[in-house]
Amino acid sequence: MKALLPEGFDLTKHIAQYLPHMYGITKFKPDYALYILTQITLVPARNKSIADEMKDGLTPLSSRLLQKVVRDYNKYLSYFVKTGVIYTNKMFKPSSVESKGYSRGYRFTDTYKTTDVIVVDYTKEFVRHLRKKRKEDFAQLKEDYGHLTKWLWPDCRLRIDGQAAMDFLNVRRQAQQGNPALVEKKIHPVFGHEIPKDPEVQYKHAKANVDCLLSGDLGCTVDSKVGRMHTVLTNIKSDLRNLITFDGKLLVNIDIKNSQPYLSTLLFNPSFWDLQLAKNKIKINTINKEIYEEIKQITNTTLILVKLKQVLDNQDFVLYCELVGAKKSRNGPDLYTFMGDRSAKVMRVNFLDRAEVKKGMFEVLFSKNSNYGRTKVKRLFKELFPSINPLFELLKEGDHSRLSRLLQSIESYIVLKVITKSIHRMNKNIPLFTIHDSITTTAEHAETVRVIMEKELTRLVGLPPKLKVETWHPDSLSWVKYQNRSSAGESHFIDEQLAA
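Numbering-wise, our numbering puts 59 at position 65 of the sequence shown, and it's gapless, one number per residue.
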C-alpha cells in the first residue's frame, strides 16, 4: 500500500510554508494528507466507469468512503484547496428516489496536473491501519463473493512485470503525444458525442494500477447499482494484462463475445418476466429489484409478455439469436459483420466496417430513444430487426440508462453469482478472477472454466454463447502498433524501448 503524489510536490516543504494549524488542523497527520491526495488519482484508476464519467478532470470523492479512513477528511481537503494544491467545483447533490446524486469533484491545480506520478511510502503504522480497513471491506464481501475475494486478499498471488509495464506505458504515452490518431476516445458524459481521452491522465491511472499490483493491493468493490465487481484487474489497460501472472503461471481469459447483444436475448424469454412460472431459471426481480420497480412505473410485465408472443417466431428475431449466439447450424458472420454487410443495401450509405457497427451497437442499446443525433447504426438496426427494437426502446423510456443497467445486472448476476460459484463448488482450488463479462484462470484450468461457462450460459440464457479464449502473454503486447504509427520524432525513442 503506497501513496501516489504529483512529481514535484513535497509535503514536508508544503506544510512548512503553509502551517496546517493556521487552516484549522491542530493535529496534522502526514499519512492522512497523503491518503487524501492519493484518492484523486486512485479512485478513477480503480473504476473505469468513474474515469469515463468524470467532467473537466474532476474526481468525485465519496465522503462516506473517505471518512472510513480519515474522520476529519474535509479539513484536509479544505487545506489543500486553500493552499493551491487541489481545485474543487464545490458541487454536491445527495441521492434521492427521484434522481442520482453526485459527490464533489477534485483535481490537482495546473501546477501539478501535468506532472508525473510518484510513489511515496506511508508509515508502517498507517499501513497497518489501512490493512485493517481493507480486511473489514473484504469481510463484508465474503458472504456473496468469498469464492472470488479469497484470491485477492489477504494473500494475492498475482504479479506483474513492473519494468516492462512502465516501458510500455512510456512508449504509448509518447506515441499518443506525437500522433493524435492513437489517442483513445470516450463518450461525453453529458452531450453523448465522442471526445478524446487525455493521454497524461490515462498514463497516471495506468501507472497507479501497476503500482497497486506491485504492492499486492488489488482492492475490491461491488457496484451497488448493477452489481459489477471492480478491482485493479478490471481497470488496468488490457495490453498490460499480458504482463500479469499467477504464481509465475500464465493466465487465460475466457470472454463472452458480444456479451451485451447476447444477454439481451434473455429479455425476450417469457420466463424472465413471468414471476409465476415455477421453472424460471432467472427472473427480472431477482436480477435487480430497483430496475424492476422502475419498469413497473412505465409498463407492466403482462403487457411485455403479450408483446413477446408476437416476436418470438418472427424471422428477424430468430436471425438475431443466431447472430449473437453460437448456433451449431450457423457458420456465417456474427452480428457486427452481418450488419456491416447489409449497410450499403439497406441504408444506401457507404459500407460500414465491423468496428464501426460494433461501436454503434452501444448507441442502439445505451443511448436515448430520441431521433436527434440518431446514427447510421441505430437506423440500420431498426430496419434489420424491427421486432426487437421496440422492447429496447420501451425499456429505455424516460431513462436511457435503464437498459444498460439491466444488461449489466444480468451479466454480474450470471458471472459472479452463478458461473464462478459453480466452478468453485466443483473445485475450490481453481484460481478465479473476473473482468465483468469474462473469467480469468490459469492455463491448466482454462478448459474446465470454459466448459462450465458454456453450460451455465446456455442454461440461463437459453442460447449457446460464443466464447473467446485468450492467453495473456508478454509477446502479445502491441508495441508495434505504437511504433509504426507514431510520428518520426518518437521513432528513435520507441526503437530503443523495443530493443531494451
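The beta-carbon is built from N, C-alpha and C at its ideal position, and this holds for glycine as well. Just so you know, these numbers come straight off a predicted model, no measurement behind them.
Straight-line measurement puts the Cα of residue 248 at about 13 Å from the Cα of residue 438.
Residue 34 carries a helical assignment under DSSP once its states are collapsed to helix, strand and coil.
Counting along the chain, no alpha helix (DSSP H) covers residue 392, and no H or E run does either. Distance from residue 202 to residue 231 at the Cβ level is roughly 11 Å; contact not present, criterion being Cβ atoms closer than 8 Å. Residues 348 of the same chain have their beta carbon placed closer than 7 Å to that of residue 331, with the five preceding and five following residues left out of the count. At the C-beta level, residue 317 and residue 334 stay beyond 7 Å of one another. Burial check for residue 134: the Cβ neighbour count within 10 Å stays below 16, so the residue is exposed.
For residue 462, the enclosing beta strand (DSSP E) starts and ends at 461 to 466. If you check the CB distance, residue 289 and residue 237 do not come in under 7 Å.
Taking the Cα of residue 385 as reference, the smallest distance to any Cα among 160, 355, 258 is reached at 258. Nearest in C-alpha terms to residue 405, of all of 361, 260, 227, is 260.
From the listed residues 369, 239, 394, the smallest Cα separation to residue 363 is found for 394. In the displayed model, residue 116 falls within coil according to three-state DSSP, outside both helix and strand. Between the stretch 139 to 159 and the stretch 23 to 38, the count of Cβ pairs shorter than 8 Å is below three; the stretches do not touch.
Straight-line spacing of the CA atoms in residue 233 and residue 329 works out to 26 Å. DSSP places residue 99 outside any alpha helix (DSSP H); the residue lies instead in the beta strand (DSSP E), whose first and last residues are 99 to 102. Burial state of residue 31 is buried, judged by a 10 Å Cβ sphere holding 16 or more other Cβ atoms. C-alpha of residue 398 to C-alpha of residue 43: approximately 13 Å in a straight line.
Residue range 432 to 436 is occupied by the beta strand (DSSP E) that includes residue 433, with no alpha helix (DSSP H) assigned at that position. Residues 391, 392 of the same chain have their beta carbon placed closer than 7 Å to that of residue 292, with the five preceding and five following residues left out of the count. Segment contact: the stretch 155 to 173 against the stretch 433 to 453, fewer than three CB-CB distances shorter than 8 Å; contact not assigned. Residue 63 is positioned such that its CB atom lies closer than 7 Å to that of residue 127.
Here DSSP, grouped into helix, strand and coil, assigns residue 314 to helix.
Judged by DSSP secondary structure, residue 290 falls outside any beta strand (DSSP E) and instead within the alpha helix (DSSP H) spanning 283 to 292. Taking 7 Å as the cut-off, the beta carbon of residue 156 is found no closer than this to the beta carbon of residue 227. Residue burial annotation: residue 356 is exposed, with fewer than 16 other C-beta atoms found within 10 angstroms of its C-beta.
Beta-bridge analysis with DSSP links residue 428 to 433.
Secondary structure of residue 243 (DSSP, three-state): strand. Residue range 193 to 208 is occupied by the alpha helix (DSSP H) that includes residue 197. Annotated three-state conformation of residue -4 is strand, per DSSP. DSSP links residue 216 through a beta bridge to 223. In the displayed model, residue 380 falls within coil according to three-state DSSP, outside both helix and strand.
Rounded to the nearest whole angstrom, the CA to CA distance from residue 381 to residue 76 is 58 Å.
Under DSSP, residue 452 takes part in no beta bridge, so it has no partner.
With a contact defined as Cβ atoms closer than 8 Å, residue 112 and residue -1 qualify at about 6 Å. Counting the other CB atoms within 10 Å of its CB gives residue 459 a total of 16 or more, which places it among the buried residues.
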